[in-house]
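So the structure is just underneath, and the comments pick up after that.
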Amino acid sequence: MHNIPQLHVVTILSLFKEPITQEHLTSIASTLGYHDTPQSLRSRMVELERAGYTHRVDRNGTSIRKRPCWRWTLTKKGQEYMQELLDITTPGERE
27 MHNIPQLHVV TILSLFKEPI TQEHLTSIAS TLGYHDTPQS LRSRMVELER
77 AGYTHRVDRN GTSIRKRPCW RWTLTKKGQE YMQELLDITT PGERE
């Protein structure tokens with residue numbers, strides 16, 4: 027990860043087993059006290075998608091205007107990265 031908003035996106039997506047919409051992610055970020063703008067989080071999700079950490083699942087989400095919208099989740103690479111972040115052992119101990 028290169029920046030804090032990307033880390034926020036990965037952290038939030040890892041908390042949910044089901045895919046979530048960008049609007050839901052933004053509201054959760056606000057609740058958690060993350061001071062990222064919706065556009066920043068949206069941009070970070072696309073960057074993470076290009077890097078292979080997240081992916082769009084389907085358009086079964088619903089926006090506040092009752093329109094279909096993308097639902098997002100972590101890829102296997104994203105889940106492994108989150109596990110690595112949460113691992114309390116040092117790199118030397120892992121080997």
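Numbering (my numbering), first residue to last: 27 to 121.
Every residue gets a Cβ at the ideal spot worked out from N, C-alpha and C, and that includes glycine.
Annotated as distal: Val83 and Thr101, with beta-carbon spacing of 8 Å or more. Secondary structure of Arg91 (DSSP, three-state): coil.
Pro94 is not a Cβ neighbour of Gly104, given a cutoff of 8 Å. In this structure Ile90 is exposed. Its beta-carbon is surrounded by fewer than 16 other beta-carbon atoms within 10 angstroms. Shown here, Thr37 sits in a helix according to DSSP, grouped into three states. According to DSSP, His81 shares a beta bridge with Thr99.
Here Arg70 has Pro31, Gln32, Val35 as same chain residues with Cβ atoms under 6 Å from its own Cβ, once five neighbours each way along the sequence are excluded. Note that the C-beta distance between His81 and Glu73 is not below 8 Å.
Per the DSSP secondary-structure output, Thr47 pairs in a beta bridge with Arg97.
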